[in-house]
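Participant: To start, I am sharing the structure in question, which I have written as structure tokens.
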């Protein structure tokens, strides 16, 4: 029992499923009242002492065969005092056999129940796996029923989603997203190229450049550019793409700014003079325009060196002899 109560006990859900599968009744005893259980627990020692004690079984099939024989030939043949001395097997054949229902065609599948909450990304976590649920259940606490092959979600008691079970990762069904989110996830690179062709050649050029190098990496930018056509007229978007391409910056930010300013149809003015911009932004010619070239160094003339060389303080031998004479 998940929650004992005299009037409304809460039965374990897996146990309740077992009872429902085989069509049996669950009648809980009162909590802490052992006198309510003798009719159920008393046969257990009899089975243990009469059937199992002192025996060793090599297989499950051998155990089942012996248990069936014991039920018919030993336990079923004993005189039963509550039945006025009648044997249980005879009472079963005369009264109970005709009242029994047939076993279900499929065997019982054991399931594990747990609780999960639908997160902001419309996924609920069961074990180590995330499963998507319809977006209208966002934030709800749901019951998850897990078997070896599938995971089912209920709220409250109503089946709202079924997924094949997997051990880890994430299972997403795009049909569970809101309509606007479904449209976003369906905008593949091929869709972006088709939509750009419908808008115009300038938009087609912008989307082609964005998806040329790495389509998946730049896909969000391409989706953003095409999404501007939902807030602005497609003709305005085409003009903005043409203007951004002419300016050399066909990016989402530039195109969005042009549309926000409403300047997609105005000509881009050419800058007058240096426009206060640094010289290195105007090319190498402008950067080095004010540089004065230095003269090229040449080898010195030997005669010039002889004329300009200062006189030596040391006298030659000839001049010393003239002075002495």
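Numbering (my numbering), first residue to last: 29 to 353.
For every residue, glycine included, the Cβ atom is placed at its ideal position computed from N, Cα and C.
Nothing here was measured: the structure is a model prediction, and the numbers come from that model.
1. Mind listing, in chain order, the continuous beta strand (DSSP E) runs of no fewer than 3 residues lying wholly within the segment 187–242?
2. Identify, in the order they occur along the chain, each residue of the same chain with its Cβ nearer than 8 Å to the Cβ of residue 37, setting aside the five sequence neighbours on each side.
3. Is it buried or exposed, residue 204, if we count other Cβ atoms within 10 angstroms and call 16 or more buried?
4. Are the segment 148–158 and the segment 113–129 touching by the rule of at least three beta carbon pairs closer than 8 Å?
5. Measure the C-alpha to C-alpha separation of residue 110 and residue 70 and round it to an integer number of angstroms.
6. Please name the residue or residues paired with residue 169 in a DSSP beta bridge.
7. Just mark residue 192 as buried or exposed, buried being the case when its beta carbon has 16 or more other beta carbons within 10 Å.
8. Quick check: the Cα distance between residue 159 and residue 139, rounded to an integer number of angstroms?
9. From the DSSP output, in three-state form, read off residue 345 for me.
10. Give the range of the alpha helix (DSSP H) segment to which residue 267 is assigned.
11. Using three-state DSSP, classify residue 294 as helix, strand or coil.
12. With DSSP collapsed to three states, give me the class of residue 84.
13. Determine the DSSP secondary structure at residue 282, reduced to helix, strand or coil.
14. What did DSSP end up calling residue 181 once you bin it into helix, strand or coil?
15. If you follow the alpha helix (DSSP H) that residue 44 is in, where does it begin and where does it stop?
16. Among 279, 278, 277, 268, which has the Cα closest to the Cα of residue 289?
17. Could you say which of 99, 64, 54 lies nearest to residue 76 if we only look at CA atoms?
18. Please name the residue in 294, 261, 114, 185 whose C-alpha comes closest to that of residue 274.
19. Between the beta-carbon of residue 257 and the beta-carbon of residue 227, is there less than 8 Å?
20. Please list, in chain order, all residues of the same chain as residue 104 whose beta carbon is under 7 Å from its beta carbon, the five residues on each side excluded.
21. Could you check which residue in 132, 216, 127 has the C-alpha nearest to that of residue 49?
22. Helix or strand or just coil, what does DSSP make of residue 158?
23. Using 10 angstroms around the beta-carbon of residue 54, count the other beta-carbons present and answer buried if the total reaches 16, otherwise exposed.
24. Excluding the 5 residues flanking residue 243 on each side, which residues of the same chain have their C-beta closer than 7 Å to its C-beta?
25. Helix or strand or just coil, what does DSSP make of residue 33?
26. Would you tell me roughly how many angstroms separate the C-alpha atoms of residue 200 and residue 168, rounded to the nearest one?
27. So which of 236, 188, 157 has the shortest CA-CA distance to residue 163?
28. Excluding five sequence neighbours on each side, which residues of the same chain lie with their C-beta closer than 7 Å to the C-beta of residue 266?
29. Which residues mark the beginning and the end of the alpha helix (DSSP H) in which residue 75 is found?
Facilitator: According to the data block:
1. 187–192, 197–199
2. 29, 31, 56
3. buried
4. no
5. 14 Å
6. 145
7. exposed
8. 17 Å
9. Model confidence at residue 345 stands at a pLDDT of 48, short of 50, so the residue's coordinates are unreliable; what they give is reported in the following sentence. Helix.
10. 262–274
11. coil
12. coil
13. helix
14. strand
15. 41–50
16. 268
17. 99
18. 294
19. yes
20. 115, 116, 117
21. 132
22. strand
23. exposed
24. 217
25. coil
26. 18 Å
27. 188
28. 227, 228, 230, 231
29. 71–75
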